[in-house]
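S.K.:
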Amino acid sequence: MRGTGQAARRLLAAILGGWGALAACAAPVGDMEDDMASQRARLLASLEAEGIRDARVLAAMRSVPRERFVPEEMAEHAYGDHPLPIGHGQTISQPYIVALMTGLLQPEPHHRVLEIGTGSGYQAAVLSGLVARVYTIEIVAPLADGARTVLAGLGYANVEVRTGDGYAGWPEAAPFDGIVVTAAPEQVPQALVDQLAPGGRMVVPVGPVHAVQSLTVIEKSDDGRVSRRQVAAVRFVPMTGGPDERPRPR
Ligand code: SAH
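Read in our numbering, the sequence shown has 1115 at position 175, and its numbers run on one by one without any break.
#1: Please state whether DSSP places ARG1165 in a helix, a strand or coil.
#2: Can you find a heavy atom of ligand 1 that lies under 7 Å from the Cβ of VAL1177?
#3: Quick check: PRO1183 and TYR1062, are their CB atoms within less than 8 Å of each other?
#4: I want to check one thing, is the minimum distance from the CB of THR1042 to the heavy atoms of ligand 1 below 7 Å?
#5: How close, in whole Å, do the beta carbons of LEU1091 and VAL1080 come, if the pair is a contact with beta carbons under 8 Å?
#6: If you drop the 5 nearest sequence neighbours on each side, which residues of the same chain put their C-beta closer than 8 Å to that of SER986?
#7: Taking all protein chains shown into account, do 16 or more other C-beta atoms lie within 10 angstroms of the C-beta of PRO1111, making it buried, or fewer, making it exposed?
#8: With 16 as the cutoff for other CB atoms within 10 Å, does GLN1170 come out buried or exposed?
#9: Is LEU1045 close to ligand 1? I mean its beta-carbon at under 7 Å from any heavy atom of the ligand.
#10: Report all residues from its chain with a CB closer than 6 Å to the CB of TYR1075; omit the five preceding and five following residues, and keep chain order.
#11: Which runs of the alpha helix (DSSP H), 4 residues or longer, sit entirely within the region 1039-1068?
#12: Under 7 Å: does the beta carbon of GLN1034 sit that close to some heavy atom of ligand 1?
#13: How is the alpha helix (DSSP H) around THR1089 delimited, first residue to last?
#14: Could you check the C-alpha separation between ALA1087 and THR1180 for me, to the nearest Å?
#15: Which residues bound the alpha helix (DSSP H) around GLN1153?
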């Protein structure tokens, strides 16, 4: 009897599950947007509970539709607090880490910020609402192109995406009030330290490839002195490129 009851319940669950899936397919766009907005609100509440208290950072993240920065088939997972694959062996960072790094930058509305590692464009979109201008560099051309398209489509007009190697920074736009590096170099590229404005701040995961790295804050004082402190253990994809991989004259 019990067995039959279980089988009947499984059958009912399968039918209901099937209807659920059908209903989800047929859901009007407005419903899906509401659903994403409520998932986003839950994520923000959990980030707050985990200690992210910077109201401006929370407001900026509340305004960015993370589902638009992940591959379509990942959209339903967009508001989990974890990284997700974005193709080309790369990932969109975990929301908690985006919030942490953005807060450590101490962005101000007049700031000009450089990001190394555009990836999906999500971190750049979060910064877009917090600062005057965002310059972001991505070494994988299709990712740079994808991020440029999504950012423009969503109206983030103060973000400029460059395809290239972030080791050299963006000298024409320097100096920057803030630099955020979202791939891990083994050593901090000197060009990036040079491109920090006096009073500027860089947030960068430093350490060996495919291991735990130290999330490091580098500050340049008004008189140009550079100091650094380590704030957390993190795990980022490696920063590729760099002087060793540049084509050499023959
Ligand atoms: N900030 C991204 C996550 C980035 S993942 C987001 O919000 O989605 C790290 C990115 O850094 C990857 O896309 C990788 O291709 C890129 N990257 C690695 N080395 C780089 C380099 N030298 N210059 C620019 N981008 C680099």
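All C-beta atoms, glycine included, are put in the ideal place defined by N, C-alpha and C.
M.R.: Taking the definition as stated:
#1: Looking at ARG1165 - three-state DSSP - the assignment turns out to be coil, as it is neither helix nor strand.
#2: It does: the Cβ of VAL1177 is within 7 Å (strictly closer) of some heavy atom of ligand 1.
#3: Not in contact: PRO1183 and TYR1062 (Cβ atoms no closer than 8 Å).
#4: No, the beta carbon of THR1042 sits no closer than 7 Å to any heavy atom of ligand 1.
#5: With a Cβ gap of about 16 Å, LEU1091 and VAL1080 do not count as contacting.
#6: Shown here for SER986: same chain residues with a beta carbon closer than 8 Å to its own, the five before and five after excluded, namely ASP1021 in chain order.
#7: Flag for PRO1111 reads exposed.
#8: GLN1170 should be labelled exposed.
#9: In terms of side-chain proximity, the C-beta atom of LEU1045 is found no nearer than 7 Å to any non-hydrogen atom of ligand 1.
#10: Around TYR1075: LEU1054, GLU1100, TRP1110, ALA1113.
#11: Here the runs fully enclosed are 1062-1068.
#12: Checking the Cβ of GLN1034 against ligand 1 gives no.
#13: In this chain, the alpha helix (DSSP H) harbouring THR1089 covers 1081-1093.
#14: Near 19 Å, if we compare the C-alpha coordinates of THR1180 and ALA1087.
#15: No alpha helix (DSSP H) holds GLN1153; the beta strand (DSSP E) holding it covers 1153-1160.
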